[in-house]
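These notes concern the structure reproduced below.
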Amino acid sequence: MQTHPMALMRLLVPVAIIGAALWLRIYIDNLGTETRVVLTYLPYLLCLTALFLAYQFNRCRLMLATLGLGVFYWLLQSQLQVSLSQPEAARLYLATSLAVPLLCLYLLLVPETGIWHLQGCIVALVFLFLALASSQLAAWLPQTSEAAAGYYRARPSGGYILSHGATLLMALVLVAGLVLVFLRDDETDIALLGALVTLYLTLALLHLEDISIVMSVAGGLCLVWGLLRSTHAMAYRDELTGLLGRRALTERLNRLGRRYCIAMLDVDHFKQFNDKHGHDIGDEVLRMVSARINRVGSGGTAYRYGGEEFCVVFPRKSVEEAAAALELVRTQISDYRMSIRDRDRRPVRSRDGARRRGAT
64 MQTHPMALMR
74 LLVPVAIIGA
84 ALWLRIYIDN
94 LGTETRVVLT
104 YLPYLLCLTA
114 LFLAYQFNRC
124 RLMLATLGLG
134 VFYWLLQSQL
144 QVSLSQPEAA
154 RLYLATSLAV
164 PLLCLYLLLV
174 PETGIWHLQG
184 CIVALVFLFL
194 ALASSQLAAW
204 LPQTSEAAAG
214 YYRARPSGGY
224 ILSHGATLLM
234 ALVLVAGLVL
244 VFLRDDETDI
254 ALLGALVTLY
264 LTLALLHLED
274 ISIVMSVAGG
284 LCLVWGLLRS
294 THAMAYRDEL
304 TGLLGRRALT
314 ERLNRLGRRY
324 CIAMLDVDHF
334 KQFNDKHGHD
344 IGDEVLRMVS
354 ARINRVGSGG
364 TAYRYGGEEF
374 CVVFPRKSVE
384 EAAAALELVR
394 TQISDYRMSI
404 RDRDRRPVRS
414 RDGARRRGAT
């Protein structure tokens, strides 16, 4: 299974956005009245921007996340600016604290289907169902037992008011999201995690003045950033291999310096291999080859040129330096042993498969 440890580094952008928002809250009292009014409506403006981008680029998951963030901010501003000792406010707070992790987990797990499609409509309906179910769950939990009611009861005193149960849910979803980022390297997952952290901080620190404003601004920025990064990847990265594509190569060639080395690579006999074993196995071969080419040394940058052809650009390197780095890549690929499973010989029962593997 291919992993992407460097994808976790891109979480630094949402972390920086959230950190800047927390810093801004300290100085928000120094802003003028007009500036504060603009800041109050800024989350709605960011949500509209994210909705427009999600619509333009057919991103169902981020559109639903943006709608959820907008509704969340509206509820905070219109319904939760009162003491949580009031029964209605406490129930709404509990429903929100349950809905946020559940909806975020759903958006992390569901595949991208697009907006104007039957599957996209189903995804949206399930999203709405989970939101309504969270409201019903919030009404039912306090009635089950005193222990359950206490576990999910907000603590409106002290410096942290989110319940133990909601905190555990948030932590589990956050860990699941980090694992998905590590495995899938998806910009949407990174944006959703950033939004989740902003919503968590809002609920946990709701007693702080203006926390809902600055955290909703941060959440909107995370979603907009995720949409921009996602569309950038659509334009500049090859979907199959994850390498930079032809468009990125063209732009790179336009800004090369005086000294550079360019290598063109292809996979020998790939067409015959593809015809014999099928396109699915051929795609696995391309992924394996591209993953090793992408780790080329000497400062080289790998691009997928098309089909089984690749290009590696070495800025400020000699032919000898580039050749040494490429020879190492060629050796790694030639030494790789790939096992192709025969479907006709695949065991039908799991017990037969375990016996063949030597398991006990």
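Numbering (the working numbering), first residue to last: 64 to 423.
The C-beta atom is built at its ideal place from N, Cα and C for all residues, glycine as well.
In this text, all values refer to a predicted model and were calculated from it rather than measured experimentally.
Taking the alpha-carbon positions, what's the residue i to residue j distance?
i    : j    : result
L181 : F120 : 17 Å
L307 : S160 : 40 Å
M233 : A239 : 10 Å
L111 : G369 : 37 Å
W203 : A196 : 10 Å
M72  : Q199 : 38 Å
V76  : L284 : 10 Å
G222 : C184 : 41 Å
Y299 : V186 : 28 Å
T304 : E347 : 9 Å
P68  : F245 : 6 Å
Y323 : R350 : 27 Å
V100 : L94  : 10 Å
S141 : L286 : 23 Å
V145 : L264 : 18 Å
A128 : A210 : 32 Å
R367 : E97  : 51 Å
F192 : L266 : 22 Å
N317 : L237 : 41 Å
P164 : L328 : 46 Å
D398 : G133 : 53 Å
E314 : L290 : 22 Å
M297 : T176 : 15 Å
D343 : V173 : 23 Å
I403 : L389 : 26 Å
G131 : S226 : 21 Å
R393 : N357 : 12 Å
Less than 9 Å between the beta carbons of residue i and residue j, yes or no?
i    : j    : result
A217 : A162 : no
R88  : I274 : yes
A70  : D248 : yes
F373 : A385 : no
L243 : L171 : yes
L319 : V359 : no
L157 : A201 : yes
A326 : G362 : no
V375 : A365 : yes
L269 : L166 : no
E371 : V330 : yes
F190 : Y169 : yes
I276 : L102 : yes
With a threshold of 7 Å on Cβ separation, who are the neighbours of residue i within its own chain once the five nearest residues in sequence on each side are excluded?
i    : result
K339 : none
R292 : E250
I36  : Nothing about residue 36 can be reported from this structure: the residues present for the chain run from 64 to 423 only.
P205 : A212
Mapping DSSP to helix, strand and coil, what is residue i?
i    : result
D343 : helix
A326 : strand
G369 : strand
L75  : helix
P174 : coil
R300 : strand
V376 : strand
L307 : strand
T423 : Reliability fails at T423, whose pLDDT of 41 lies under 50, so the model's placement of it is uncertain and no value is given.
Kindly list the residues whose CB is nearer than 6 Å to the CB of residue i, restricted to its own chain and excluding five residues on each side of it in sequence; keep chain order.
i    : result
A422 : Confidence is the limiting factor: at A422 the pLDDT is only 48, short of 50, which leaves the residue's position unreliable, though a coordinate-based value still follows. For A422, where only same-chain residues beyond five positions count, there are no Cβ hits under 6 Å.
G228 : Y214 and Y215
K380 : C324 and S361
W137 : none
Excluding sequence positions up to five away, which residues of its chain have a Cβ less than 8 Å from the Cβ of residue i?
i    : result
G345 : F333, F336 and N337
I178 : A117, Y118, N121, R122, C123 and M126
L271 : R88
W288 : V76, P77, I80, A254 and G257
A311 : Y299, R300 and Y366
D252 : L171, G240, L243 and V244
Y90  : none
M401 : E347, V348 and M351
T294 : L116 and F120
Would you please verify whether the beta carbon of residue i is less than 9 Å from any beta carbon of chain C?
i    : result
L225 : Of the chains in the structure shown, none is chain C; there is only one protein chain.
Count Cβ pairs between the region 102-111 and the region 276-288 that sit closer than 8 Å; are there 3 or more? Yes, the region 102-111 touches the region 276-288.
- Query: Are there three or more Cβ pairs, one per stretch, closer than 8 Å when the region 250-264 is compared with the region 75-84?
  - Reply: yes
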